Amino acid sequence: MEYNFNDIEKKWQQKWVENNTYKTVEKENKKKFYVLNMFPYPSGAGLHVGHPLGYIASDIYARYKRLQGFNVLNPMGYDAYGLPAEQYAIQTGQHPAITTEKNIARYREQLDKIGFCFDWDREIRTCDPKYYHWTQWAFQLMFTSYFDNNLQKALPIDNIIKHLSIYGTDGLNVAQNEELNLTAAQWNAMNEQEQQQVLMNYRIAYLGETMVNWCPELGTVLANDEVVNGVSERGGYPVVQKKMKQWCLRVSAYAQRLLEGLNTVDWTESIKETQRNWIGRSEGTEMIFQSITPTSEGEPRKGTFTIFTTRADTIFGVSFMVLAPESELVKSFTTYKQQKEVEDYLSYVKKRTELERMSDRKVTGVFSGSYAINPFTNEQIPIWISEYVLAGYGTGAIMAVPAHDSRDYAFAKHFNLPIIPLIQGADISHESFDAKEGIVINSPIKGKFSIDGFSLNGLTVKEAIAKTKTFVTEKQIGQVKINYRLRNAIFSRQRYWGEPFPVYYKNNMPYMLPEECLPLELPEVDKYEPTETGEPPLGRAPIWAWNEAEKKVVNKSLIDQKNIFALELNTMPGFAGSSAYYLRYMDPHNNKTIVGKKAVEYWQNVDLYVGGTEHATGHLIYSRFWNKFLFDYGYSVKEEPFQKLINQGMIQGRSNFVYRINTEDHSKDPVFVSLGQKDKYKVTPIHVDVNIVHGDILDIKAFKAWRPEYKNASFIFEDGSKKYIEGVKYKCGWAIEKMSKSMFNVVNPDLIVNQYGADTLRLYEMFLGPIEASKPWDTNGIDGCHRFLRKFWKLFQQELTNDEPSKDSLKSVHKLIKKVTSDIESFSYNTAISAFMICTNELGQQKCTNKKLLKQLIILIAPFAPHIAEELWEQLGGTGSICDAQWPIYDDKYLKEDQMQLTVSFNGKARFQMLFAANASNDEIQNKVLKEKKSQQYIAGKSIVKIIIVPKKIINIVLK
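Residue numbers for the sequence shown follow UniProt numbering, beginning at 1 and rising by one.
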């Protein structure tokens with residue numbers, strides 16, 4: 001029977017649907033295994049062959065675990081909100097819901113063709129009100145919660161209200177925006193609006209003034225990863241820094257728990273280290289400095305400000321202070337003489353994103369005109385403003401010690417500021433910094449660095465830090481503090497296509513819609529752009545006000561600030577819908593809670609999560625935070641949402657080029673020269689659609705039809721001829737580049753499936769190389785995987801028997817079982833596929849016909865190539881789906897070697913190989929080699945100095 005992959009794959013994809021093969025329910029008597037992919041954003045372009053890489057990898061593992069007897073949850077859905085759909089809606093006038101639905105249908109069609117074992121009954125879409133109901137619910141829960149620093153967990157805000165009414169802020173150790181000092185009497189005397197303002201200081205979801213990446217053209221705030229070189233990634237529009245009132249999530253409160261949780265998960269060290277650096281824990285000291293600001297009246301203005309430093313011991317090496325440009329201190333410290341320079345500098349910084357400022361080593365800054373007083377030396381120190389200091393870290397002000405910090409050093413050198421070493425005679429250069437300790441050469445401190453009996457002379461760095469901390473605390477000029485680089489998440493977007501906030505405003509303060517009124521659904525608007533007065537797109541919605549008494553959305557013309565109030569005009573960002581979706585997959589049809597107790601206690605958390613490294617500091621931080629918050633309230637039962645994480649690499653495109661001969665007359669039809677002839681001409685390489693190139697040979701007819709300007713093109717072929725005849729080839733050049741539509745190197749998986757089959761596509765994507773590595777796509781190599789499947793198929797088309805299999809066949813199959821099992825566990829799928837190819841060849845040569853033994857091969861290949869496996873399983877009389885077969889277990893007794901092969905060398909040069917009994921002694925090996933006729937030829941006329949035997953590897957005879 002012929003291997004008709006098209007018919008086979010359609011047949012089984014249909015059967016899987018009819019039989020609900022992949023429908024998953026909780027089974028208390030079975031061990032669970034939860035596999036999850038980072039779900040896709042459905043773009044209009046559909047999938048290219050790079051997209052399914054992670055899905056295939058996780059699908060193989062999901063099928064493998066099911067064959068091992070696990071109850072496997074493997075769901076799929078769509079991250080359906082986002083800026084691309086909204087921008088397309090602005091350009092075309094189509095509602096984003098329509099284009100998103102169309103894109104999802106296209107994705108689903110493509111995914112189904114590849115044969116994934118997704119339980120589509122659990123599909124979620126972030127734009128579905130039934131889904132974002134629970135995003136809105138979680139946001140409300142965060143609004144009505146605070147973080148207790150002592151207990152390190154979220155608690156209801158009512159606890160703070162009660163505490164304030166009895167004790168004021170005394171004894172309140174909670175995460176907050178700023179430290180407030182209130183008595184109980186002051187709190188109780190406040191009206192409702194004033195109390196709500198105070199509570200905003202403590203809420204986990206709060207309204208706060210913050211610097212954002214503002215894109216005027218798009219009319220929205222952008223995340224750091226949406227900005228590239230000062231312009232929006234989408235559209236290339238200018239982006240500026242702007243202070244805005246935004247909804248924020250207090251992610252920073254969970255910084256320590258986020259750090260500690262990394263010790264409990266099975267992730268790569270590189271991803272863990274990336275997160276540790278992003279969280280950025282540092283133990284240090286907050287120190288108070290006096291300030292002096294010259295004024296036009298003559299009498300200087302005095303004040304104080306606080307800095308955070310991890311190296312209080314370097315106080316004697318401070319030669320200037322630096323403020324973040326966004327710091328509120330900038331205004332008060334800028335003197336009348338420096339005002340113009342400072343304003344110009346602030347205008348420059350507004351166009352720079354935080355990401356650019358952190359990564360760019362360019363030195364910029366401006367003097368404020370003010371001075372600080374060193375509390376140890378009483379010296380006046382100039383206060384500068386520079387973009388290399390960020391407002392969100394510490395207090396937004398630093399003491400600069402250029403002798404012992406590389407950025408401070410570069411700044412001091414650029415502006416000719418003093419550099420004071422803490423080690424006398426030390427060579428102060430950029431290369432002499434110790435990155436960990438931050439001090440030159442880490443030698444004991446030597447010099448006149450003492451005050452009031454306080455001295456650092458002769459101390460090591462650790463001793464100096466400890467002593468300075470104690471001194472600062474005793475003198476009440478500061479306090480010991482732990483700081484984190486991790487910022488609170490900006491949670492507002494000035495967009496239409498996103499989750500609406502379930503918030504209305506009364507007396508300018510936000511209030512939550514009643515929980516029973518959720519979800520608050522996205523309203524209709526006439527345009528998807530900001531309003532003419534600069535409001536977000538929801539400002540265009542006529543039916544967008546909240547009737548508090550009737551608990552419903554009404555026309556905003558009825559707003560009276562008594563019973564009918566304005567609803568929030570911002571929407572939530574993209575990460576809102578993806579932060580807890582893994583929980584919703586556990587119980588997607590529950591309309592009473594985000595996830596039922598029975599479901600969450602069974603599935604617990606994700607056992608295997610597969611996705612790209614680009615989400616290391618975005619999605620993976622936010623989802624871990626979100627899960628920990630829900631854990632505090634018992635909705636999640638595991639602190640960490642993703643136990644094991646695998647990052648798939650990128651499949652790069654293999655671009656092809658044609659070479660156009662340069663000519664001054666561009667009106668003439670183009671002439672293209674083949675790769676082997678191109679050096680004889682002046683040419684311009686031009687990307688060509690890889691789908692009309694086969695084995696680097698251009699399909700001339702397809703090329704002429706590809707673009708109108710090439711309709712009458714002529715060619716110089718590989719052999720130098722200019723006339724096309726059968727067999728004459730035009731050879732294209734090639735390069736490995738990012739897969740991109742602009743380079744015409746995007747390969748549609750549908751084309752591969754139609755030409756070779758889904759099983760071939762699945763095998764080839766895994767065969768390209770290790771999952772985590774980036775690798776080039778080369779359609780030229782796909783034939784090998786297809787030929788293997790045909791050979792595998794042929795193995796089962798002979799007459800199979802129940803005859804006892806040979807010892808060699810048993811060894812080949814059990815060797816394969818061991819190898820494939822080990823390789824799947826370590827995600828070394830490429831080597832597992834190689835093992836399949838070797839075993840199939842061996843069994844063919846051995847003329848193996850044993851039905852029972854060959855049946856094990858079908859089970860082994862089922863995770864990789866499920867369609868062919870199902871068909872062969874059925875042919876061999878297997879009952880039900882192969883998905884429910886039992887994974888084979890290898891037996892060591894079949895793997896024992898009866899013989900071993902050794903290389904025989906003379907004076908270190910390998911000459912031939914010989915077979916010996918596996919248990920042969922060194923004496924037996926030596927005697928057999930010396931008796932061999934071939935050995936006599938090399939020994940003749942020479943004497944043997946010694947014989948070296950390396951067990952199971954080599955025998956070397958040293959001759960003289």
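For each residue, glycine too, the CB sits at the ideal point set by N, CA and C. Note that the structure is a prediction, hence the values are computed from the model and not measured.
Return helix, strand or coil for residue i, following the three-state DSSP convention.
i, result
"Glu550", "coil"
"Thr293", "strand"
"Leu417", "coil"
"Gln241", "strand"
"Ser826", "coil"
"Lys644", "strand"
"Phe575", "helix"
"Trp603", "helix"
"Gly767", "The amino acid occupying residue 767 in the given sequence is Phe; Gly does not appear at that position. Helix at Phe767."
"Arg234", "coil"
"Val174", "strand"
"Met837", "helix"
"Pro156", "strand"
Classify residue i as buried or exposed, calling it buried when 16 or more other Cβ atoms lie within 10 Å of its own Cβ.
i, result
"Phe912", "exposed"
"Asn605", "buried"
"Val72", "buried"
"residue 984", "Residue 984 is absent from the structure shown; the chain starts at 1 and stops at 960."
"Ile490", "buried"
"Thr258", "First, the amino acid is wrong: residue 258 is Leu here, not Thr. So Leu258 ends up on the buried side."
"Pro40", "buried"
"His615", "buried"
"Asn627", "buried"
"Gln380", "exposed"
"Lys953", "exposed"
"Leu583", "buried"
"Pro300", "exposed"
"Val330", "buried"
"Val25", "exposed"
"Tyr88", "buried"
"Asn229", "exposed"
"Thr295", "exposed"
"Ser812", "buried"
"Leu902", "buried"
"Gly82", "buried"
Rounding to the nearest angstrom, what Cα-Cα distance links residue i and residue j in this structure?
i, j, result
"Val945", "Asn907", "10 Å"
"Tyr890", "Ser822", "11 Å"
"Gly733", "Thr840", "35 Å"
"Leu207", "Ser145", "14 Å"
"Leu810", "Asp778", "36 Å"
"Val461", "Ser270", "29 Å"
"Ala137", "Phe836", "The residue you asked about is not Ala; residue 137 is Trp in the sequence shown. Straight-line Cα distance between these residues: approximately 50 Å."
"Glu932", "Val904", "11 Å"
"Leu915", "Tyr585", "58 Å"
Given residue i, which residues of its chain have a CB within under 6 Å of its CB, disregarding the five upstream and five downstream residues?
i, result
"Asn563", "Glu548, Ala549"
"Leu857", "none"
"Leu323", "Leu329, Val330, Ile385, Ala397"
"Met1", "Gln797"
"Glu283", "Ile482"
"Arg357", "Glu387"
In its own chain, which residues sit with a C-beta less than 7 Å from the C-beta of residue i, not counting the 5 before and 5 after it?
i, result
"Val240", "Trp214, Lys350, Lys351"
"residue 970", "Nothing in the structure corresponds to residue 970, since the chain is present only between 1 and 960."
"Gly438", "Confidence is the limiting factor: at Gly438 the pLDDT is only 41, short of 50, which leaves the residue's position unreliable and the question unanswerable from this model."
For residue i, collect the residues of the same chain with a Cβ closer than 8 Å to its Cβ; drop the 5 residues on either side in sequence, then sort them by chain order.
i, result
"Ser429", "With a pLDDT of 45 at Ser429, under the threshold of 50, the predicted position of this residue should be treated as unreliable, and no value is reported."
"Gln290", "Lys302, Gly303, Thr304, Ala372, Ile373, Pro375"
Can you confirm whether the region 748-763 touches the region 6-15 when touching is taken to mean that 3 or more C-beta pairs between the two stretches lie within less than 8 Å? yes
Three or more C-beta pairs closer than 8 Å, one from the region 637-657 and one from the region 733-750: is that the case here? yes
Touch check for the region 860-869 and the region 47-65: three-plus C-beta pairs under 8 Å? yes
Hey, is the region 497-513 in contact with the region 568-579, meaning 3+ C-beta pairs nearer than 8 Å? yes
I'd like to know if the region 827-835 and the region 762-777 are in contact, where contact means that at least 3 CB-CB pairs between them fall below 8 Å. yes
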